[in-house]
Amino acid sequence: MSAPSTISRRILPWLLLLPSAYPQPVLAAARDASAEAFVRTSANRLLGVLSDKTATAAQKNAAFHKAIDDLADVPRVTYFVLGKYARTITPDQKRRFALAFRSYVERVYRDRLSDYGGERVSVVGSVARKPGDVVVATEISGGQLDRPVPVSWRIIQSPGGWRVVDVQFRGVWLAITQQQDFVSAIDNAGGDIEVLIDRLRSDAPPRR
Amino acid sequence: MKITSKGVRNRVSSVVTNLGEPGTAINDLAQGRPRAAGVTTSRFLINSTVGGLGLFDVGAKLGLEGHRSDFGQTLGRYGAESGRYVVLPLLGPTTLRDGAGRLVDTMADPVAMATAGASNFGMIRGGVTSVDARANADGFIRALDDAADPYAMMRSAYLQNRADVVRQAKGGVQVLPDFDAARIEP
Numbered sequence: 001m002s003a004p005s006t007i008s009r010r011i012l013p014w015l016l017l018l019p020s021a022y023p024q025p026v027l028a029a030a031r032d033a034s035a036e037a038f039v040r041t042s043a044n045r046l047l048g049v050l051s052d053k054t055a056t057a058a059q060k061n062a063a064f065h066k067a068i069d070d071l072a073d074v075p076r077v078t079y080f081v082l083g084k085y086a087r088t089i090t091p092d093q094k095r096r097f098a099l100a101f102r103s104y105v106e107r108v109y110r111d112r113l114s115d116y117g118g119e120r121v122s123v124v125g126s127v128a129r130k131p132g133d134v135v136v137a138t139e140i141s142g143g144q145l146d147r148p149v150p151v152s153w154r155i156i157q158s159p160g161g162w163r164v165v166d167v168q169f170r171g172v173w174l175a176i177t178q179q180q181d182f183v184s185a186i187d188n189a190g191g192d193i194e195v196l197i198d199r200l201r202s203d204a205p206p207r208r
Numbered sequence: 209m210k211i212t213s214k215g216v217r218n219r220v221s222s223v224v225t226n227l228g229e230p231g232t233a234i235n236d237l238a239q240g241r242p243r244a245a246g247v248t249t250s251r252f253l254i255n256s257t258v259g260g261l262g263l264f265d266v267g268a269k270l271g272l273e274g275h276r277s278d279f280g281q282t283l284g285r286y287g288a289e290s291g292r293y294v295v296l297p298l299l300g301p302t303t304l305r306d307g308a309g310r311l312v313d314t315m316a317d318p319v320a321m322a323t324a325g326a327s328n329f330g331m332i333r334g335g336v337t338s339v340d341a342r343a344n345a346d347g348f349i350r351a352l353d354d355a356a357d358p359y360a361m362m363r364s365a366y367l368q369n370r371a372d373v374v375r376q377a378k379g380g381v382q383v384l385p386d387f388d389a390a391r392i393e394p
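Sequence order for the protein chains is F and W. Last residue of the first sequence: number 208 in my numbering, and the count goes up by one each step with no gaps. Last residue of the second sequence: number 394 in my numbering, and the count goes up by one each step with no gaps.
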């Protein structure tokens, strides 16, 4: 585009007179290159699965299921979202909740992310909170987005390697929010986890 | 339901954001962030002129990235706690601190003061700002449809968002829960 270039040439020299135009000093922080590489690769693969126009719905669902396995520490997130109830859940409830939650998460995020297509994830930095626990800051841009959207990924070293346990968008961590949502729903049911399992199942589409 | 095109929504959003820049600049100064205030002022001057009254974010193309600051954040920057969480009719979720901050922002808004004599401008701006806020919240409202307890989800998301906004002004690291405690095999 030529208009912004012309504007840049005319205005930029004047902007340089403003102290605000100079970049702020960046504080040194412990970055983790392997964590950043993991997020860059896995997150782009996940977006690529959803934007694949050649795949059928069944192929897309299967690829999304696999991409979630490669990206997230599903068992850890599954029990984190139960909060205090993770300690009292029975083995049978644990098995049924895990199935219902997995189905719920895949359906919800497939629907939400289906609006996007052609976006790319680029890493802008990372902070190692402690060994094996890193927050990676990224920007998602291109595709349907008018401007880059900052998204942070909390990843933890799991037996299978790095895995995502939480994602932050506009200051809101999804797993933390999900935990408060689920714990409140169980509290409201007098501590009955079955109510939540039924709720998650009732939202699932009928099995074919 | 989306009636207008994405391009029109983006332009409306740009104008609404631009009209909020003077208020942001004042709060940046109140928070002791003159550099951020300079960026915001530069953005407002550029976008209001060569950006066609804020229709286009030329400032961002020149490397002047925008941000929002408000008086609730300013109060938080100086240590004010959020206080009780409430959901107000028409205004939606807020806290005592952020509700008071919103009131101050409205009363001290430079654009509102400058256009006080222009009949209907304030009313039109208020209406367009509300529609823009609702459009921007569309994704979150869809998320509430999937919640087991929509009230709890909205409360959690609002309080996290505001805590992060205050942390951006104060600096410091995020306090995050320990996922090790959740290491239970299925």
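Every residue gets a Cβ at the ideal spot worked out from N, C-alpha and C, and that includes glycine.
If we count the other Cβ atoms within 10 Å of its Cβ and call it buried at 16 or more, is residue i buried or exposed?
i: W:V247; result: buried
i: W:A326; result: exposed
i: W:K362; result: The sequence shown places Met at residue 362 of chain W, not Lys. Under this definition W:M362 is a buried residue.
i: F:V26; result: At F:V26, the pLDDT of 37 sits below 50, so the modelled position is not reliable and the matter cannot be decided from this model.
i: W:N255; result: buried
i: F:Q59; result: exposed
i: W:T212; result: exposed
i: W:P230; result: buried
i: F:I89; result: buried
i: W:G215; result: exposed
i: W:N235; result: buried
i: W:T303; result: buried
i: W:S221; result: buried
i: F:L50; result: buried
i: W:G274; result: buried
i: F:G190; result: exposed
i: F:E194; result: exposed
i: F:S34; result: exposed
Within the 8 Å Cβ cut-off, does residue i reach chain F?
i: W:V294; result: no
i: W:N226; result: no
i: W:N235; result: no
i: W:P230; result: no
i: W:V383; result: no
i: W:R350; result: yes
i: W:V397; result: The requested residue 397 of chain W does not occur in the structure, where chain W is confined to residues 209 to 394.
i: W:F252; result: no
i: W:F279; result: no
i: W:Q368; result: yes
i: W:D340; result: no
i: W:S213; result: no
i: W:D357; result: yes
i: W:A268; result: yes
i: W:A154; result: Residue 154 of chain W is absent from the model: chain W starts at 209 and stops at 394.
Taking Cβ positions only, does residue i come closer than 8 Å to chain W?
i: F:W173; result: yes
i: F:S103; result: no
i: F:Q157; result: no
i: F:D146; result: yes
i: F:R170; result: yes
i: F:A185; result: yes
i: F:P25; result: Confidence at F:P25 is low in this model, with a pLDDT of 38, below 50, so the placement of that residue should be treated as unreliable; the coordinate-derived value is given next. It does not; no Cβ of chain W falls within 8 Å.
i: F:L18; result: Only weak support exists for where F:L18 lies, its pLDDT of 45 falling under 50; the value from the coordinates is given anyway. For F:L18, the answer is yes, since a Cβ of chain W falls inside 8 Å of its Cβ.
i: F:N44; result: no
i: F:V165; result: yes
i: F:I140; result: no
i: F:N188; result: yes
i: F:R112; result: yes
For residue i, which beta-bridge partners are listed by DSSP?
i: F:G125; result: F:A137
i: F:V149; result: F:I140
i: F:G161; result: F:S158
i: F:F169; result: F:V151, F:V172
i: W:G300; result: W:L296
i: F:R120; result: F:S141
i: F:K130; result: F:D133
Residue i lies in the alpha helix (DSSP H); which residues open and close that run?
i: W:V374; result: 358 to 378
i: W:T225; result: 214 to 238
i: F:Y79; result: 74 to 80
i: W:V312; result: 304 to 315
i: W:V336; result: 329 to 344
i: W:G267; result: 266 to 269
i: F:K60; result: 57 to 71
i: W:F279; result: 279 to 285
i: F:S51; result: Per DSSP, F:S51 belongs to no alpha helix (DSSP H) and is neither H nor E.
i: W:P242; result: 242 to 257
i: W:A322; result: 318 to 322
Which residues mark the beginning and the end of the beta strand (DSSP E) in which residue i is found?
i: F:Q178; result: Element bounds for F:Q178: not the beta strand (DSSP E) but the alpha helix (DSSP H), 174 to 188.
i: F:L99; result: Here F:L99 belongs to no beta strand (DSSP E); instead the alpha helix (DSSP H) covers 91 to 113.
Quick one: is residue i near chain A, going by C-beta distance under 8 Å?
i: W:A288; result: Any reference to chain A falls outside this structure, whose protein chains are F and W.
Item checked: Three or more C-beta pairs below 8 Å linking the stretch 336 to 343 of chain W and the stretch 136 to 143 of chain F -> no
Next item on the list: Tell me, please, whether the stretch 245 to 262 of chain W touches the stretch 290 to 299 of chain W by the rule of three or more beta-carbon pairs shorter than 8 Å.
Entry: no
Next item on the list: Pair every Cβ in the stretch 165 to 175 of chain F with every Cβ in the stretch 145 to 156 of chain F, then say whether three or more of these pairs are closer than 8 Å.
Entry: yes
Check: Using 8 Å as the Cβ pair cut-off and three pairs as the minimum, do the stretch 175 to 183 of chain F and the stretch 80 to 100 of chain F touch?
Finding: yes
Margin query: Count Cβ pairs between the stretch 295 to 314 of chain W and the stretch 353 to 372 of chain W that sit closer than 8 Å; are there 3 or more?
Written below: yes
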